[in-house]
Amino acid sequence: MPRVVVDVMLKPEILDPQGQAVANALPRLGVSDVASVRIGRRIEIEFTGEPDLARAREIADKLLANPVIEDFTVRLVEADETADARS
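Counting from 1, position 1 in the sequence shown corresponds to residue 3 in my numbering; the numbering is continuous, with no gaps.
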């Protein structure tokens, strides 16, 4: 069954302390070729009928993201893509 995925990220101009903490920890793990890290959220929405991208955008805009400091994208994915994202 197709799902709607909403990816929420801080706007580029907003400081991301979580991302900075991860980026700062990477050299201790032997990873030195990462310039920066940004942390976000992924929300999967399953509708009872056909996936409704317009409704998902409305949900994201009003509930899932803070439009002052966050951007979001909404996309339709197949069930196997959501399983791959969890691996």
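From the three backbone atoms N, C-alpha and C, an ideal C-beta is built for every residue, glycine too.
Query, Result
"Burial state of V8, where buried means 16 or more other Cβ atoms lie within 10 Å", "buried"
"CA-to-CA distance, D54 to V39, given in whole angstroms", "31 Å"
"For R40, the three-state DSSP class (helix, strand or coil)", "coil"
"Whether V6 touches E72 by CB criterion (8 Å)", "no"
"Neighbourhood of K13 by C-beta distance below 8 Å, restricted to the same chain and skipping five residues each side", "I71, E72, D73"
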